[in-house]
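Residue numbers (this note's numbering): 1 to 95.
Structure representation (structure tokens):
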């Protein structure tokens, strides 16, 4: 299978969703590609936690405003563009 931007963005959406769900404030049904990041990250601490998680996992810095004003899919595409569309495998995930 060849790598494509939509597939990579889909992987990034999954990773962003996992980070959001690990914070314990959103349900799985709330976290989807069309959900607004500002609605999912309900306070400034969650925004900081998301930014820190992305920097730790992907070595990508994000601005607080970038997290508030976009959908999950738009944010995933932004991160993919900054990283060159490479998403590392999650722990325990098969290639």
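Cβ coordinates follow ideal geometry from the N, Cα and C atoms, glycine included.
Source: prediction; values computed, not measured.
Residue burial classification, residue i (beta-carbon count within 10 angstroms, cutoff 16)
i: residue 52; result: exposed
i: residue 80; result: buried
i: residue 11; result: buried
i: residue 17; result: buried
i: residue 48; result: exposed
i: residue 45; result: exposed
i: residue 77; result: buried
i: residue 35; result: buried
Three-way DSSP call (helix, strand, coil) for residue i in this model
i: residue 16; result: helix
* To do: Pick out the complete alpha helix (DSSP H) segments inside the region 18 to 88, 4 residues or longer, and give them in chain order.
  => For the region 18 to 88, the continuous alpha helix (DSSP H) assignments of 4+ residues that do not extend past its boundaries occur at 37 to 40, 44 to 58, 64 to 68 and 72 to 83, in sequence order.
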